[in-house]
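**Q**
Numbering (the numbering used here), first residue to last: 917 to 1399.
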């Protein structure tokens, strides 16, 4: 069977309907796995780079002590520069996904990510290659950043368009489940390696191992993605000639409000995400003086709890709506970020863990609904383009540099609460954006209009879910098999 075909004589699936029969369920589960595993590859790479920041600073920027100073800032700046090419990836890969299909672009992105991350493990160091070493590192990060510009948006859109309308929150949560798995794997691999060989062994070359392990993980994701069918919602739109020659022009002209809403929400989402899961190991060791292994294992424990909570919270969003949960998370970050960061600086391991757990729980509430909420901000013909454009521009210029900015502000001001204030400010921006969203739980993603009840902007109400459910059922009932 080809990657985009259905079994012979099988009817095309009704987009948004519950799968009927063993083959349909198998196809859905494969779609969810392919999306989640590819996303895990992206965040495994990101996690490894974060956990090994101090060792990368020594090997690529000649840092003598790796104590959280200039070498670490330059290492994080290299990561921040890679975020600047994410919008370019979004500008190219997003419209491409709206023209040729989500599945084909997802195959391309996971291939590029695997190559770029694997190559980092083969690079010469500053000691052997001089300035060429950081230049080569930057090139690898730029390739990874370009591919990431299409990866997350493509995986989220594909998963949302493949899931049943009534359980999009539950199935969509597995995208972030994959993200968390990637981070946990990165933390476990890095921490075990550090524990076994010590700091000296890591500096002498064992830092390469986690990057090289991306290759088998990425090849597995690639194998699965080449065997995926196209998302039913996009397949229907393509068959009915609802795709556009210039989705980029269309989304800028007709959906600019949705672009701003998504970009504002992503400021909160990714500032919290990158500071908690990416920067905390470096912050706790380089700035607070805790051991690297202690900070890593503590974060692994928090992420393991997050892993257990993500699918149930995603399912809860199908029942009570996306907006009540997202608003709770935004208010939580505004109120609790600074106190939680303060707990990380105390001597008690229990209180340190509590601080991380509070931040992690708020992150669970956010990420569990992301892949079901953000794709639904746009109609099908521009969904990939709109998501990739707004998500990556916001990430590149506001959220992506958060680690570098936070680290440098701490170095400049001496205020170790900077990460907490950063997340609190992002919470305010996110709160405004969430209030400007429609409620899209239970809504269909099909057609040429924006999903969700038009009057659901503002504070959430239960009635909007019923309006979405009735509309989706009526449209499924009138579905004509044209795919």
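We put the CB at the ideal spot given by N, CA and C, even for glycine.
Quick one: residues in its chain with C-beta nearer than 6 Å to the C-beta of residue 1227, no 5 flanking neighbours on either side, listed in chain order?
**A** Walking along the chain shown from the start, residue 1227 turns up at place 311. If we look at residue 1227 and ignore the five residues flanking it on each side, its Cβ neighbours are 1089.
**Q** Classify residue 950 as helix, strand or coil using the three-state DSSP reduction.
**A** For this step, residue 950 is matched to residue 34 along the chain shown. Reduced to three states, the DSSP call for residue 950 is helix.
**Q** Can you have a look at residue 959 and say buried or exposed, based on whether 16 or more other CB atoms are within 10 angstroms of its CB?
**A** For this step, residue 959 is matched to residue 43 along the chain shown. Classification for residue 959: buried.
**Q** State the Cα-Cα distance for the pair residue 1153 and residue 1206, rounded to the nearest angstrom.
**A** Residue mapping note: residue 1153 aligns to position 237 of the chain shown, counting from 1. Residue mapping note: residue 1206 aligns to position 290 of the chain shown, counting from 1. Straight-line Cα distance between these residues: approximately 54 Å.
**Q** So, are the CB atoms of residue 1280 and residue 1225 less than 8 Å apart?
**A** The residue given as residue 1280 occupies position 364 in the chain shown. The residue given as residue 1225 occupies position 309 in the chain shown. It is a contact, given that the beta carbons lie within the stated cut-off.
**Q** How many angstroms separate the CA atom of residue 935 from the CA atom of residue 944?
**A** The residue you call residue 935 lines up with position 19 of the chain shown. The residue you call residue 944 lines up with position 28 of the chain shown. Their backbone Cα atoms lie some 7 Å apart in a straight line.
**Q** Using CA coordinates, which residue listed in 1352, 1368, 965 and 1363 is at the minimum distance from residue 1172?
**A** In the chain shown, the residue the question calls residue 1172 occupies position 256. The shortest Cα separation from residue 1172 among 1352, 1368, 965 and 1363 belongs to 1352.
**Q** Verify the contact flag: residue 1021, CB atom, against every heavy atom of the ligand MG, threshold strictly below 7 Å.
**A** The ligand MG is not part of this structure, which contains no ligands at all.
**Q** Starting from the N-terminal side, write out each stretch of the alpha helix (DSSP H) that is 4 residues or longer and does not extend beyond the region 1127-1160.
**A** Here the runs fully enclosed are 1130-1141 and 1148-1155.
**Q** Starting from the C-beta of residue 1376, find all residues in its chain whose C-beta is less than 8 Å away, skip the five residues before and the five after it, and write them out in chain order.
**A** Position 460 of the chain shown, counted from the start, is the residue given in the question as residue 1376. These residues qualify, in order along the chain: 1237, 1239, 1240, 1243 and 1355.
**Q** Have a look at residue 989 and residue 1150 and give me their C-alpha separation to the nearest angstrom.
**A** Within the chain shown, residue 989 is the residue found at index 73, counting from 1. Within the chain shown, residue 1150 is the residue found at index 234, counting from 1. Approximately 42 Å, taken between the alpha carbons.
**Q** Assuming contact is defined by CB atoms lying nearer than 8 Å, are residue 1193 and residue 1343 in contact in what I supplied?
**A** Here the question's residue 1193 lines up with position 277 in the chain shown. Here the question's residue 1343 lines up with position 427 in the chain shown. No, Cβ-Cβ distance for residue 1193 and residue 1343 is not below 8 Å.
**Q** Is there a C-beta anywhere in chain D that falls below 8 Å from the one on residue 1264?
**A** As a matter of chain content, chain D is missing from the structure shown, which is built from one protein chain.
**Q** Drop a sphere of 10 angstroms on the beta-carbon of residue 1285, count the other beta-carbons inside from all chains shown, and report buried for 16 or more, exposed for fewer.
**A** By one-based count along the chain shown, residue 1285 stands at place 369. When all chains shown are included, residue 1285 counts as buried.
**Q** Taking Cβ to Cβ, would you say residue 1301 is nearer than 8 Å to residue 1011?
**A** To locate residue 1301, count along the chain shown from 1; it is residue 385. To locate residue 1011, count along the chain shown from 1; it is residue 95. Contact flag set, yes.
**Q** Suppose you measure from the CA of residue 1273 to the CA of residue 1218; what does that come to, to the nearest Å?
**A** What you label residue 1273 is simply residue 357 of the chain shown in a count that begins at 1. What you label residue 1218 is simply residue 302 of the chain shown in a count that begins at 1. If I take the Cα positions, the gap works out to 6 Å.
**Q** Nearest to residue 976 by CA position, among 1017, 954, 1123 and 962, is which residue?
**A** Locating residue 976 in the chain shown gives position 60, counting from the first residue. It is 1123.
**Q** Between 1155, 996, 1335 and 1037, which has its C-alpha nearest residue 1058's C-alpha?
**A** Along the chain shown, one-based indexing puts residue 1058 at 142. It is 996.
**Q** Along the chain, where does the alpha helix (DSSP H) containing residue 1078 start, and where does it finish?
**A** Looking up residue 1078 in the chain shown gives position 162. First-last of the alpha helix (DSSP H) with residue 1078: 1048-1078.
**Q** List the endpoints of the continuous alpha helix (DSSP H) containing residue 1365.
**A** To locate residue 1365, count along the chain shown from 1; it is residue 449. Per DSSP, residue 1365 belongs to no alpha helix (DSSP H) and is neither H nor E.
**Q** Following the continuous alpha helix (DSSP H) through residue 1387, name the residue where it begins and the one where it ends.
**A** Counting from 1 along the chain shown, the entry for residue 1387 is found at position 471. Segment 1379-1393, the alpha helix (DSSP H) holding residue 1387.
**Q** From residue 1321 to residue 1334, what distance separates their C-alpha atoms?
**A** Along the chain shown, read from residue 1 onward, the residue named residue 1321 stands at position 405. Along the chain shown, read from residue 1 onward, the residue named residue 1334 stands at position 418. Approximately 9 Å, taken between the alpha carbons.
**Q** So, with DSSP's three-state summary, where would you put residue 1092?
**A** On the chain shown, position 176 is the one that residue 1092 refers to. Three-state result, residue 1092: helix.
**Q** Expressed to the nearest angstrom, what Euclidean distance is found between the alpha-carbon atoms of residue 1374 and residue 1084?
**A** On the chain shown, position 458 is the one that residue 1374 refers to. On the chain shown, position 168 is the one that residue 1084 refers to. One C-alpha to the other measures close to 22 Å.
**Q** Taking Cβ to Cβ, would you say residue 1367 is nearer than 8 Å to residue 1073?
**A** On the chain shown, position 451 is the one that residue 1367 refers to. On the chain shown, position 157 is the one that residue 1073 refers to. No, Cβ-Cβ distance for residue 1367 and residue 1073 is not below 8 Å.
**Q** Going by other Cβ atoms of all chains shown within 10 Å of its Cβ, with 16 needed for buried, is residue 1222 buried or exposed?
**A** In the chain shown, counting from the first residue as 1, residue 1222 sits at position 306. Residue 1222 should be labelled buried.
**Q** Could you tell me whether the region 1060-1078 touches the region 1302-1318, where touching means 3 or more Cβ pairs closer than 8 Å?
**A** Result yes; three or more Cβ-Cβ pairs closer than 8 Å.
**Q** Between the C-alpha atoms of residue 1232 and residue 1253, what's the straight-line distance to the nearest angstrom?
**A** As a position in the chain shown, residue 1232 is number 316, starting the count at 1. As a position in the chain shown, residue 1253 is number 337, starting the count at 1. In a straight line, the C-alpha of residue 1232 is about 24 Å away from that of residue 1253.
**Q** How many angstroms separate the CA atom of residue 1397 from the CA atom of residue 1078?
**A** Locating residue 1397 in the chain shown gives position 481, counting from the first residue. Locating residue 1078 in the chain shown gives position 162, counting from the first residue. In this prediction, residue 1397 scores a pLDDT of 45, lower than 50, which makes its location untrustworthy; the coordinate-derived value is nonetheless stated afterwards. Distance between the alpha carbons of residue 1397 and residue 1078 is about 16 Å.
**Q** Using CA atoms only, rank isn't needed, just tell me which of 1330, 1257, 1260 and 1209 is closest to residue 1112.
**A** Translated into positions along the chain shown, residue 1112 becomes position 196. The candidate whose alpha carbon is nearest that of residue 1112 is 1209.
**Q** Between the alpha carbons of residue 1388 and residue 1372, how many angstroms are there, rounded?
**A** Taking the first residue of the chain shown as 1, we reach residue 1388 at position 472. Taking the first residue of the chain shown as 1, we reach residue 1372 at position 456. Distance between the alpha carbons of residue 1388 and residue 1372: 16 Å.
**Q** Could you please give the first and the last residue of the uninterrupted alpha helix (DSSP H) stretch that includes residue 1352?
**A** Start at 1 with the first residue of the chain shown, and residue 1352 comes out as number 436. Per DSSP, residue 1352 belongs to no alpha helix (DSSP H) and is neither H nor E.
**Q** What's the gap between the Cα of residue 1277 and the Cα of residue 1262?
**A** Taking the first residue of the chain shown as position 1, residue 1277 is located at position 361. Taking the first residue of the chain shown as position 1, residue 1262 is located at position 346. About 20 Å.
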